[in-house]
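Asker: Before I ask anything, let me first share the structure, which is written out below as structure tokens.
2 protein chains.
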Amino acid sequence: MNTHFLHEILNPKSIAIYGANNKGTSLASIQLMNIIISGFEGKIYPIHLKLETVMGYKAYKSITEVPETPDLVIIVLPPNIVNQIFRECGEKGVKRIILISGGFREMVGDRANTFTEEISEIAKKYGIRFIGPNCLGIYNSWIYPENDKKAMNTSIWENLERNKFSIASQSGTLSSHIFFDPENLDLGLGKSISVGNEANIDIVDCLEYYKDDENTEVIGLYIEELKRGKKFLELAKEITSQKPIIAIYVGGSKAGNRALQSHTGSMAGNAKIYDAVFKETGIIKTDYVQEFLDLAMILTRGIYPKGNRIGIITNSGGPGAMVANNAEKNGLVVPEFSESLQEQLKEVLPPIASFKNPVDCAFDTNLPYFYINLPEILMKSGEIDVLIQYGVVGFQDVMDNYLKYDKISPYADFQKQDYEKTEELVHKLIQPTLKNSKRFSIPIFYVNPQNFSTFWSKKLRENGAMLFKLWDRPISCIAKICEYVDYRRKHT
Amino acid sequence: MNTHFLHEILNPKSIAIYGANNKGTSLASIQLMNIIISGFEGKIYPIHLKLETVMGYKAYKSITEVPETPDLVIIVLPPNIVNQIFRECGEKGVKRIILISGGFREMVGDRANTFTEEISEIAKKYGIRFIGPNCLGIYNSWIYPENDKKAMNTSIWENLERNKFSIASQSGTLSSHIFFDPENLDLGLGKSISVGNEANIDIVDCLEYYKDDENTEVIGLYIEELKRGKKFLELAKEITSQKPIIAIYVGGSKAGNRALQSHTGSMAGNAKIYDAVFKETGIIKTDYVQEFLDLAMILTRGIYPKGNRIGIITNSGGPGAMVANNAEKNGLVVPEFSESLQEQLKEVLPPIASFKNPVDCAFDTNLPYFYINLPEILMKSGEIDVLIQYGVVGFQDVMDNYLKYDKISPYADFQKQDYEKTEELVHKLIQPTLKNSKRFSIPIFYVNPQNFSTFWSKKLRENGAMLFKLWDRPISCIAKICEYVDYRRKHT
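Listed in order, the protein sequences are those of chains A and B. Letter by letter, the first sequence follows residues 430 to 921 in this note's numbering. Letter by letter, the second sequence follows residues 430 to 921 in this note's numbering.
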């Protein structure tokens, strides 16, 4: 049983919440609604001076009246009354608080700093550990290990698919709102902690917790400032030999630093120092949220390439050439295949095809070859470490589309696809290759420019394929993952 | 009346097509179906040795039997019979051909080159101009100027929204399949020409045509090789002083060149030479399709920034800081606002807000201020050239979502949004700012991480807002557009 104080905050059995009402317009109300709809099974005690009930739960005038000492207290109230509430919570025996409210350190002026000092002292006196202030709270899809549909969730619109990706972020948006469009994301979430101003709990605490957490395999960080640099460095080094860490660091630019000052009150550091820290600790660095999400998506699959040689299968020359070109620009290798491998490919491909890498199957590929045999030949060859496959996917979806038109359907000599059979087919086509991908430790990336909600795209994704609409995005991620693999080989 | 031969190819009144049947499995059949469903109003003459009808159209055994000389012939047949067909077309008086078939120059061996030589000679003899071989044909949403729902379309799944973006591409995928997901693209298309191997018509011909085409305002190119470098350079220089050109060049890497060799048979050049050509001609260069599409989307709006100073409005600190940081990394300026401008902002913003740039409105922004007043103050200030706005958008969509849950709806003291009123509201909020954007020539970028099909996102886009799900993508585009604007100022 994990006894880290963050584990307790993420897995409460009872919660008291300040600031929520029934109107839904306040942040506290939104957070309470999130807790309710995400399936929290424990007790909920809204604290409200006037209301009898909040969202159907009996409300209490103060924490003193609550019939038990709640495992966790969430506070979303103006800063000037927070110290009083902290005191009352301390008296009640509360040990864990999430302080959502802003208006502390990030505000200019002595008074604000006094607020932070006051609550810090109270927390110390009563042995309280708290997240915040100026944060959006937590997400934990592992609160009920036997039920992956429920979560402890203060901050995200709807529950995400459960996985072993865990976030610690100095931005609430980065810990939650980037998951607003799960349909087009293909990435779930395990745990997320919005640490805010870090008056008491910081990113280093989160790393300590995630390090030994069996439900965390990939860690994502958003950093504006590190308060405990040395400890961070030691810990990160220890972790990256086991679990990859992806980090966005914002700072170093004039405007960036100005933004940080008003955001969390951080005094941002020198970007070069952070770059050096990331390099020394094997942290995968990115400046872009999309890449942050893509890296997480790829790494949570747990299939690490052994080297940086890319194999490309395509049924269109342009995308093949672009992948090859950008791969080399990113420091990856697109090797020309050996003659014996080319001979093997010639046996299964039409004469119009190209065999050197990229393998260009042209338009008339048959599906089992495209999905099973070709990838298998390349994976078994020992000549590649990563595979990118463009095309074919969803061709039947295109054909179905034509049948919607009156000018086509009466004359067309072809049938709408049998969706049940196609579902089976996709399963049969994709599973052997995903098994090979694991067996040879060669990640495979599928690219299909169609909408993710088309039938083939949906089925490929349901079967576990990593699918992208364009071939642009995976390349830089692969390059960064290869660098990490290289680091890890040297440091374990 | 435009008399360029490409104008004729893109605007035929009658078409003969070789290779199509009713089974739909051949490329020719797909192209014929595209022509039919996209709303072509002219005559269609399928040529087929055996079939009586193809997709409901009377079929002819040969071009000789067709009752008129078609304006355009499309051929999708094996290369070894194409020369015979070219001859027959020549005898019939055909002057314009699209040769889709592959298997010419890109195939290794003398025979293949002979094919190209043979058809080139025949074309010369009969005065035929032809696109291809090894291409996907054309798209023209301007064929019926009075009807923007119809197009001449051999290559794209469904018609796109008509605009003034025109493509010439040595990759068929780049000229068509990148438009497979219009819902998430927000970019229409005017004209597109897949030039293939360029045996007769090349990218320079396309540039000549687009230069004087009143329905082309932005040009997109995909280049693997330039056959007429000097002419390209002259022409590009002339064009970019009036119309922006966006180009992807693939070549220069070992694997890239190998891919090109098998794709269109190009002997790729030195990437440095191409970079120099692009720089000298003011062509906006990109390596990524997503950026290619984003640049086109932004440029077709026709609002060019006058400089490179970015204003940022956000209701979340993290995204604001990231935009600021990445903007500076891309060579853009995020100026600290003057004291007088900060005073103006203080008057309209809550005290918790930040005024320096980024402007962080915190959580409780009211909509007219966020959408109208704040942007107006910044645009009028003369202190910014581009505006990026993160947040707020779609908040009511989030609230509606809660009402779907039985555990919320009976207790919630708020109503589902009135969609009719919201539609009006979005219109009222967005139109004054879009007018200001034009008036001050300051492009404005909205960012909302929600799915594009949510109500607010849809309405914003319908109202003409440039909307992105993440703040990553616009930055590098803005930097490239600012460079182009700078080039144009110096060269006109």
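Glycine included, each C-beta is placed from N, C-alpha and C at the ideal position. Predicted model only: the values in this text are computed from it and were never measured.
With 8 angstroms as the limit, tell me which residues of the region 829-861 of chain A have their beta carbon closer than that to any beta carbon of chain B; keep them in chain order.
Answerer: Taking 8 angstroms as the Cβ-Cβ cut-off against chain B, the residues of the region 829-861 of chain A that qualify are 830, 831, 834, 836, 837, 839, 840, 841, 842, 843.
Asker: Which value, in whole angstroms, describes the spacing of the CA atoms of residue 636 of chain B and residue 545 of chain B?
Answerer: Position 207 of the second sequence, counted from the start, is the residue given in the question as residue 636 of chain B. Position 116 of the second sequence, counted from the start, is the residue given in the question as residue 545 of chain B. Residue 636 of chain B and residue 545 of chain B: Cα-Cα distance of roughly 23 angstroms.
Asker: If you follow the beta strand (DSSP E) that residue 475 of chain A is part of, which residue opens it and which one closes it?
Answerer: Taking the first residue of the first sequence as position 1, residue 475 of chain A is located at position 46. First-last of the beta strand (DSSP E) with residue 475 of chain A: 472-476.
Asker: Quick check on residue 671 of chain A: does DSSP put it in helix, strand or coil?
Answerer: Residue mapping note: residue 671 of chain A aligns to position 242 of the first sequence, counting from 1. Reduced to three states, the DSSP call for residue 671 of chain A is coil.
Asker: Please classify residue 868 of chain B as buried or exposed, where buried requires at least 16 neighbouring CB atoms within 10 angstroms.
Answerer: As a position in the second sequence, residue 868 of chain B is number 439, starting the count at 1. Exposed: under 16 other Cβ atoms inside 10 Å.
Asker: Whole beta strand (DSSP E) runs in the region 812-857 of chain A with 3 or more residues, listed along the chain?
Answerer: As far as the region 812-857 of chain A is concerned, its whole beta strand (DSSP E) runs of at least 3 residues are 815-819.
Asker: Return the first residue and the last residue of the alpha helix (DSSP H) that residue 463 of chain A is part of.
Answerer: Numbered from 1 along the first sequence, position 34 holds the residue referred to as residue 463 of chain A. 456-466 is the extent of the alpha helix (DSSP H) around residue 463 of chain A.
Asker: If the criterion is Cβ atoms closer than 7 angstroms, does the pair residue 594 of chain B and residue 725 of chain B meet it?
Answerer: Indexing the second sequence from 1 puts residue 594 of chain B at position 165. Indexing the second sequence from 1 puts residue 725 of chain B at position 296. In contact: residue 594 of chain B and residue 725 of chain B (Cβ atoms closer than 7 angstroms).
Asker: According to DSSP, is residue 721 of chain A part of a helix, a strand, or is it coil?
Answerer: Along the first sequence, one-based indexing puts residue 721 of chain A at 292. DSSP places residue 721 of chain A in helix when its eight states are reduced to three.
Asker: Taking Cβ-Cβ distances below 8 angstroms as the criterion, which residues of the region 612-626 of chain B are in contact with chain A?
Answerer: Correct list: 612, 613.
Asker: With a threshold of 7 angstroms between beta carbons, is residue 609 of chain B in contact with chain A?
Answerer: Translated into positions along the second sequence, residue 609 of chain B becomes position 180. Interface residue, yes.
Asker: Go ahead and label residue 431 of chain A buried or exposed: buried means 16 or more other beta carbons lie within 10 angstroms of its beta carbon, across all protein chains shown.
Answerer: Reading the first sequence from its first residue, position 2 is the one you call residue 431 of chain A. Its Cβ having fewer than 16 others within 10 Å, residue 431 of chain A is exposed.
Asker: For the region 762-789 of chain B, list every residue whose C-beta sits within 9 angstroms of some C-beta in chain A, in sequence order.
Answerer: Residues 762, 763, 764, 765, 780, 781, 782, 783, 784, 785, 786, 787, 789.
Asker: How about the region 454-461 of chain B and the region 507-522 of chain B: do they share at least three Cβ pairs that are nearer than 8 angstroms?
Answerer: Touching, no, given that fewer than three Cβ pairs across the two stretches are closer than 8 angstroms.
Asker: Using CA coordinates, which residue listed in A:801, A:669, A:893 is at the minimum distance from residue 915 of chain A?
Answerer: Taking the first residue of the first sequence as 1, we reach residue 915 of chain A at position 486. Cα-wise, what sits closest to residue 915 of chain A is A:669.
Asker: Hey, would you say residue 385 of chain B sits closer than 7 angstroms to residue 892 of chain B, going by beta carbons?
Answerer: What the structure shows of chain B is the stretch from 430 to 921, and residue 385 of chain B is not part of that stretch, so it cannot be assessed.
Asker: Measuring straight from C-alpha to C-alpha, what distance separates residue 666 of chain B and residue 718 of chain B?
Answerer: Translated into positions along the second sequence, residue 666 of chain B becomes position 237. Translated into positions along the second sequence, residue 718 of chain B becomes position 289. Computed Cα separation, rounded: 23 angstroms.
Asker: Less than 7 angstroms between the C-beta atoms of residue 877 of chain B and residue 886 of chain B, yes or no?
Answerer: Walking along the second sequence from the start, residue 877 of chain B turns up at place 448. Walking along the second sequence from the start, residue 886 of chain B turns up at place 457. In this structure, residue 886 of chain B lies closer than 7 angstroms to residue 877 of chain B by Cβ.
Asker: I believe residue 444 of chain B touches residue 489 of chain B by the beta-carbon criterion, under 8 angstroms. Please report the beta-carbon distance rounded to the nearest angstrom.
Answerer: The residue labelled residue 444 of chain B in the question sits at position 15 within the second sequence. The residue labelled residue 489 of chain B in the question sits at position 60 within the second sequence. At roughly 12 angstroms, the Cβ-Cβ gap does not stay under 8 angstroms, so residue 444 of chain B and residue 489 of chain B are not in contact.
Asker: At the 7 angstroms Cβ level, is residue 679 of chain B part of the contact set with chain A, yes or no?
Answerer: Numbered from 1 along the second sequence, position 250 holds the residue referred to as residue 679 of chain B. Yes, residue 679 of chain B counts as interfacial toward chain A.
Asker: Go ahead and label residue 494 of chain A buried or exposed: buried means 16 or more other beta carbons lie within 10 angstroms of its beta carbon, across all protein chains shown.
Answerer: Working through the first sequence from its first residue, we reach residue 494 of chain A at position 65. The residue in question, residue 494 of chain A, is exposed, as its Cβ has fewer than 16 Cβ neighbours within 10 Å.
Asker: To the nearest angstrom, how far is it from the Cα of residue 481 of chain A to the Cα of residue 461 of chain A?
Answerer: On the first sequence, position 52 is the one that residue 481 of chain A refers to. On the first sequence, position 32 is the one that residue 461 of chain A refers to. Computed Cα separation, rounded: 16 angstroms.
Asker: Does the contact criterion of 3 or more C-beta pairs under 8 angstroms hold for the region 465-472 of chain A versus the region 576-583 of chain A?
Answerer: The region 465-472 of chain A is in contact with the region 576-583 of chain A.
Asker: From the DSSP output, read off the bridge partner residues of residue 569 of chain B.
Answerer: Position 140 of the second sequence, counted from the first residue, corresponds to residue 569 of chain B. DSSP, once it has assigned bridges, lists B:581, B:620 as partnering residue 569 of chain B.
Asker: Use the C-beta contact count for residue 780 of chain A: other C-beta atoms within 10 angstroms, 16 or more gives buried, fewer gives exposed.
Answerer: For the purposes of this step, residue 780 of chain A is taken as residue 351 along the first sequence, with counting starting at 1. The residue is exposed, with fewer than 16 neighbouring Cβ atoms inside 10 Å.
Asker: When the Cα atoms are used, what is the spatial distance from residue 537 of chain B to residue 543 of chain B?
Answerer: The residue you call residue 537 of chain B lines up with position 108 of the second sequence. The residue you call residue 543 of chain B lines up with position 114 of the second sequence. Residue placement at residue 537 of chain B is poorly supported in this model, since its pLDDT is 47, which falls under 50; the coordinates still yield a value, given next. When rounded, the distance between both Cα atoms is 11 angstroms.
Asker: What would DSSP say about residue 638 of chain B, mapped onto helix, strand or coil?
Answerer: Taking the second sequence and counting its residues from 1, the one referred to as residue 638 of chain B is at position 209. Three-state result, residue 638 of chain B: helix.
Asker: Is any beta-carbon of chain B found at less than 7 angstroms from that of residue 562 of chain A?
Answerer: For the purposes of this step, residue 562 of chain A is identified with residue 133 of the first sequence, where counting begins at 1. Cβ-Cβ to chain B under 7 angstroms: no for residue 562 of chain A.
Asker: Where residue 844 of chain A and residue 714 of chain B are concerned, what is the direct C-alpha to C-alpha distance, given to the nearest angstrom?
Answerer: As a working mapping, residue 844 of chain A is identified with position 415 in the first sequence. As a working mapping, residue 714 of chain B is identified with position 285 in the second sequence. Roughly 44 angstroms separates the two Cα atoms.
Asker: Distance cutoff 7 angstroms, beta carbons only. Does residue 603 of chain B sit that close to anything in chain A?
Answerer: For this step, residue 603 of chain B is matched to residue 174 along the second sequence. Answer yes: the Cβ-Cβ gap between residue 603 of chain B and chain A drops below 7 angstroms somewhere.
Asker: Which residues, in order along the region 890-901 of chain A, keep a beta-carbon less than 7 angstroms from a beta-carbon of chain B?
Answerer: Result list: 898, 899, 901.
Asker: Quick check on residue 501 of chain B: does DSSP put it in helix, strand or coil?
Answerer: For the purposes of this step, residue 501 of chain B is identified with residue 72 of the second sequence, where counting begins at 1. Residue state, collapsed to three classes: strand.
Asker: DSSP three-state label for residue 883 of chain B, please.
Answerer: Along the second sequence, read from residue 1 onward, the residue named residue 883 of chain B stands at position 454. In the structure shown, residue 883 of chain B sits in coil (DSSP, three-state: anything other than H, G, I, E or B).
Asker: Are the beta-carbon atoms belonging to residue 633 of chain B and residue 661 of chain B less than 7 angstroms from one another?
Answerer: Here residue 633 of chain B refers to the residue found at position 204 when the second sequence is read from its first residue. Here residue 661 of chain B refers to the residue found at position 232 when the second sequence is read from its first residue. Contact: yes.
Asker: Could you say if the region 560-573 of chain A and the region 612-629 of chain A meet the contact criterion of at least three C-beta pairs nearer than 8 angstroms?
Answerer: Yes: at least three Cβ pairs fall under 8 angstroms.
Asker: Hey, would you say residue 564 of chain B sits closer than 7 angstroms to residue 619 of chain B, going by beta carbons?
Answerer: Within the second sequence, residue 564 of chain B is the residue found at index 135, counting from 1. Within the second sequence, residue 619 of chain B is the residue found at index 190, counting from 1. Cβ distance not < 7 angstroms, so residue 564 of chain B and residue 619 of chain B don't count as in contact.
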